[in-house]
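Peer 1: Just so you know, the sequences run in chain order F and S. Letter by letter, the first sequence follows residues 1222 to 1555 in the working numbering. Letter by letter, the second sequence follows residues 109 to 341 in the working numbering.
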Amino acid sequence: MLYQLNNVTKTYNGNTVLDLKHLSFQEGKVIGLLGPNGSGKTTLLEILAFLLPPTSGEIWFKQEKVNLNLSRLMKLRRKVVLVQQNPILFTTTVYKNIDFPLKIRNTPKAKRIEMVNALLELVGMASFRDAGAHTLSGGQTQRVAIARALACSPEVILLDEPMSSVDVENQITIERIIREINRINSISVVFTTHDMVQTSRLADETIFLFEGRAAETIHENIFSARIETANDGHRYCMLPNGFKLRTRSEKTRRIRISISPGRIRISRNQFSTEENTLKGRIVQLNQEHSNVRVLVDAGIPLNVLIPTELFDSQCMGIGEDVWITCPEESIDIF
Amino acid sequence: MDFLTDSFFSALLLIWTLDHNLIEIINVSLKVSSVSTFVSALLGVPSGFLIAFSEFRGKRLLITILNTLLALPTVVIGLFVYAFISRRGIFGAFDLLYTQKAIIIGQIILIIPIVTTMTISAVSRIDDRYRKAALTLGANLRQTAWVIIREARFGIVAAVVMAFGRVIAEVGISMMLGGNAKGFTRTMTTAMALEYDKGEFVLSVALGLVLLGVSFTVNIFCNYFQGKGRGSS
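(1) Would L218(S) and L249(S) qualify as a contact pair, given that the criterion is a beta-carbon distance under 8 angstroms?
(2) Return the chain-ordered list of same chain residues with a C-beta closer than 8 angstroms to the C-beta of A242(S), the five sequence neighbours on each side being excluded.
(3) Between the beta-carbon of I1439(F) and the beta-carbon of L1265(F), is there less than 8 angstroms?
(4) Taking Cβ positions only, does F1412(F) come closer than 8 angstroms to chain S?
(5) Determine the DSSP secondary structure at N327(S), reduced to helix, strand or coil.
(6) State buried or exposed for R165(S), treating a residue as buried only when at least 16 other CB atoms are found within 10 Å of its CB.
(7) With a cut-off of 8 angstroms, do at least 3 Cβ pairs link the region 142-149 of chain S to the region 209-229 of chain S?
(8) What's the gap between the Cα of Q1247(F) and the Cα of M1222(F)?
(9) Quick one: what's got a C-beta closer than 6 angstroms to A1352(F)'s C-beta in the same chain, skipping five residues either side?
(10) So, are the CB atoms of T263(S) and R294(S) less than 8 angstroms apart?
(11) When Cβ atoms are compared, which residues of the region 1258-1276 of chain F fall closer than 7 angstroms to chain S?
(12) Let's see if you can read the secondary structure: which residues bound the alpha helix (DSSP H) around S135(S)?
(13) Give me the DSSP bridge partner(s) of K1500(F).
(14) Counting only the same chain and skipping the five closest in sequence on each side, list residues whose C-beta sits under 7 angstroms from that of L151(S).
(15) With a threshold of 8 angstroms between beta-carbons, can T244(S) be considered close to chain F, or not?
(16) Straight-line CA distance for N129(S) to V322(S)?
(17) Report yes or no: do the region 297-315 of chain S and the region 1545-1555 of chain F share at least 3 C-beta pairs separated by less than 8 angstroms?
(18) Measure from the alpha carbon of S1245(F) to the alpha carbon of each residue in A1331(F), F1429(F) and R1369(F), then state which is nearest.
(19) For chain F, is any of its Cβ atoms less than 8 angstroms away from the one on V255(S)?
(20) Entirely within the region 288-327 of chain S and at least 4 residues each: give me those alpha helix (DSSP H) ranges in chain order.
(21) Report the three-state DSSP secondary structure of Q1284(F) (helix, strand or coil).
(22) Just to make sure I have the definition right: I need the residues of chain S whose C-beta is within less than 8 angstroms of the C-beta of V1302(F). Which are they?
(23) With distances taken from CA atoms, which of A201(S), L245(S) and A266(S) is nearest A230(S)?
(24) Using only the alpha-carbon positions, how far apart do P1522(F) and E1396(F) sit?
(25) With distances taken Cα to Cα, identify the nearest neighbour of D127(S) among F202(S), I159(S), A314(S) and I328(S).
(26) For chain F, is any of its Cβ atoms less than 8 angstroms away from the one on A241(S)?
(27) Is L1511(F) helix, strand or coil when you go by DSSP?
(28) Below 8 angstroms between beta carbons: does that hold for I1487(F) and V1515(F)?
(29) Determine the DSSP secondary structure at I1395(F), reduced to helix, strand or coil.
(30) According to DSSP, is E1279(F) part of a helix, a strand, or is it coil?
(31) With a 10 Å radius around its C-beta and 16 neighbouring C-beta atoms as the bar for buried, classify D1320(F) as buried or exposed.
(32) In terms of residue numbering, what span does the alpha helix (DSSP H) encompassing D1388(F) cover?
(33) Exposed or buried, E1376(F), counting other C-beta atoms within 10 Å across all chains shown (16 or more means buried)?
(34) Distance check for L1357(F) and R1467(F), CA to CA, integer angstroms please.
(35) With 8 angstroms as the threshold, decide whether the Cβ of E278(S) is near any Cβ in chain F.
(36) Does the pairing of the region 113-121 of chain S with the region 181-197 of chain S give three or more beta-carbon distances under 8 angstroms?
Printed below as a string of structure tokens:
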């Protein structure tokens, strides 16, 4: 077992951002931490990187209980490295950025040159060796940050949303790097994302986080809403852009809702005059095992998951208008 | 108007010909100001860094006090130091009064708050991600501190340059503690005051032009380093 977390919480000014009863991570795997913004992913990564102590609870790393004493943490930090979302490079050259972890570990100069050049090749940045780090694009910065992290020869690399603000070409490169370092160097990888497709493509195992807690399944189609009672006496969740979904919830304050993609019905033809029916356009299609994930723009983006056979029978394609219905039982209210 | 123009051109001639008197006065100013800036940087930069980097009770009060000390008049500092180093003062036996050392001491007191507060400002502006990046890459506290100082280097250099600009142009401390002795404690500012009293405007104007030139150069360097510092935060 790589990590084991028991009753770990993190609180800021009375606000609990993380509350994990029991969570474990297996060694040698690529693990995806999936959850929406605000689910505590970054906080969890910083705790796993020993940069942030938990408010309470205990952490075990490789079967040893972590002593949160400052002097002991430095030894652990040299085994686990975090690449931040929007990583920051030192204001010097790309070469010196990657050289930094080697230099502080007193690695001999000849070995440092060899390692830095090898890492530059791995991340496809060899031609930027002497470039100023602040002249790089977002994707290039991400790649150099990964190379710099790998220069630590870590046992674990933690990546916070590594592909969130990079273009497709850089995404492909970063995915390749993740697979290679896990397969060839046996480095355990934990990455966070809010993209279900990315996780299914890359991760051996997925952990879902929602509002600071580990969840059984991923919550998707998450929106802030408020519940109002209409003139007809029915209660509705009022979503952004003025959409409303009927509900039986008795809650009255501002809430968050999640609409289960597997329970949304989709069709090229409008279902009678059923409640909670929206018209939208298909903007993206992805095969996901035996299902097809359909992203529909209905004024709000909605992910719908339908069996492949059903999708094929409906002959739907990108750009086509569809009708989607969100039954009351597909809506979870928090 | 003729008087001003004549004085101006005569002053330019003094500068062009590197008049001995002029050079002697400029040397004293540069020497005294350089030493006080160097010592203030040695004390103020680490202090500023420690204050910015650490969390402790009373931090905001300390910063407020330092900001208040920025407005200390030079004559007040001169008076304060005089009380200590005059013959009746506790350090009277060291015979510091009316020496370059006395001016240096007074100028250090003047500019340490400047160096410290500007260093605090430069370090505080540095993105916290640098600290986290250094720590996660395995740096210890000393190495992490060096990373932050390096990232804040432009702001820190601007602080030191600004401090130099302040001391080279001050007159209160130099006058009260230096005594304006020719070739010894006569700085550009005290010499200007003396020559004005004597009605000798040419040397005054020449010194004024040199001071303006120094101030202008200091401001150019300050803007340059502060601009670089803003670019990297």
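Idealized CB from N, CA, C, for every residue including glycine.
Peer 2: Walking through what the data contain:
(1) Along the second sequence, one-based indexing puts residue 218(S) at 110. Along the second sequence, one-based indexing puts residue 249(S) at 141. No, the Cβ-Cβ distance between L218(S) and L249(S) is not below 8 angstroms.
(2) As a first step, residue 242(S) must be located in the second sequence, where it is residue number 134. Same-chain partners within the cutoff: Q251, T252, V255 and I256.
(3) The count along the first sequence starts at 1 and reaches residue 1439(F) at position 218. The count along the first sequence starts at 1 and reaches residue 1265(F) at position 44. The answer is no: Cβ separation not under 8 angstroms.
(4) For the purposes of this step, residue 1412(F) is taken as residue 191 along the first sequence, with counting starting at 1. Output row for F1412(F): interface = no.
(5) Residue 327(S) sits at position 219 when you count from the first residue of the second sequence. In this structure, N327(S) counts as helix in the three-state DSSP scheme.
(6) Here residue 165(S) is taken as the residue at index 57 of the second sequence, counted from 1. R165(S) should be labelled exposed.
(7) Yes: at least three Cβ pairs fall under 8 angstroms.
(8) On the first sequence, residue 1247(F) is found 26 positions in, with the first residue counted as 1. On the first sequence, residue 1222(F) is found 1 positions in, with the first residue counted as 1. Between Q1247(F) and M1222(F), the C-alpha separation is close to 5 angstroms.
(9) Along the first sequence, one-based indexing puts residue 1352(F) at 131. So the qualifying residues of the chain are V1315.
(10) Stepping through the second sequence from its first residue, residue 263(S) is reached at position 155. Stepping through the second sequence from its first residue, residue 294(S) is reached at position 186. In the sequence as presented, Thr is not what sits at residue 263(S); that position holds Gly. Going by C-beta atoms, G263(S) is not nearer than 8 angstroms to R294(S).
(11) A1270 and L1272
(12) Indexing the second sequence from 1 puts residue 135(S) at position 27. In the sequence as presented, Ser is not what sits at residue 135(S); that position holds Asn. That run of the alpha helix (DSSP H) goes H128 to F161.
(13) Stepping through the first sequence from its first residue, residue 1500(F) is reached at position 279. DSSP, once it has assigned bridges, lists W1544(F) as partnering K1500(F).
(14) Your numbering for residue 151(S) matches position 43 in the second sequence. Closer than 7 angstroms at the Cβ level, and outside the excluded window around L151(S), lie I220.
(15) Position 136 of the second sequence, counting from 1, holds the residue named residue 244(S). Closer than 8 angstroms to some Cβ of chain F, the Cβ of T244(S) qualifies, so yes.
(16) Residue numbering aside, residue 129(S) sits at position 21 when the second sequence is read from its first letter. Residue numbering aside, residue 322(S) sits at position 214 when the second sequence is read from its first letter. The alpha-carbon atoms of N129(S) and V322(S) are separated by roughly 18 angstroms.
(17) no
(18) Here the question's residue 1245(F) lines up with position 24 in the first sequence. Nearest C-alpha to S1245(F): F1429(F).
(19) For the purposes of this step, residue 255(S) is taken as the residue at position 147 of the second sequence. Yes, contact with chain F.
(20) Every unbroken stretch of the alpha helix (DSSP H) spanning 4 or more residues and falling wholly within the region 288-327 of chain S is given here in chain order: 296-306.
(21) Here the question's residue 1284(F) lines up with position 63 in the first sequence. Coil.
(22) For this step, residue 1302(F) is matched to residue 81 along the first sequence. Within 8 angstroms Cβ-Cβ: T244, L245 and G246.
(23) To locate residue 230(S), count along the second sequence from 1; it is residue 122. Nearest C-alpha to A230(S): A266(S).
(24) Counting from 1 along the first sequence, the entry for residue 1522(F) is found at position 301. Counting from 1 along the first sequence, the entry for residue 1396(F) is found at position 175. Near 25 angstroms, if we compare the C-alpha coordinates of E1396(F) and P1522(F).
(25) Here the question's residue 127(S) lines up with position 19 in the second sequence. Nearest option by C-alpha distance: A314(S).
(26) Here residue 241(S) refers to the residue found at position 133 when the second sequence is read from its first residue. A241(S) counts as touching chain F.
(27) Mapped onto the first sequence, residue 1511(F) falls at position 290. The question names Leu, but residue 1511(F) is Ser in the sequence shown. S1511(F): coil per DSSP, three-state reduction.
(28) Taking the first residue of the first sequence as 1, we reach residue 1487(F) at position 266. Taking the first residue of the first sequence as 1, we reach residue 1515(F) at position 294. Contact: yes.
(29) Within the first sequence, the letter at position 174 stands for residue 1395(F). It is helical.
(30) Sequence index remark: in the first sequence, residue 1279(F) carries index 58 (1-based). For E1279(F), the secondary structure class from DSSP, reduced to helix, strand or coil, is strand.
(31) Your numbering for residue 1320(F) matches position 99 in the first sequence. Buried.
(32) On the first sequence, position 167 is the one that residue 1388(F) refers to. No alpha helix (DSSP H) contains D1388(F), which DSSP labels as neither H nor E.
(33) Locating residue 1376(F) in the first sequence gives position 155, counting from the first residue. Under this definition E1376(F) is a buried residue.
(34) Here the question's residue 1467(F) lines up with position 246 in the first sequence. Here the question's residue 1357(F) lines up with position 136 in the first sequence. Linking R1467(F) to L1357(F) through their CA atoms gives a straight-line distance of about 49 angstroms.
(35) Residue 278(S) sits at position 170 when you count from the first residue of the second sequence. It does not: the Cβ of E278(S) has no partner Cβ on chain F nearer than 8 angstroms.
(36) no
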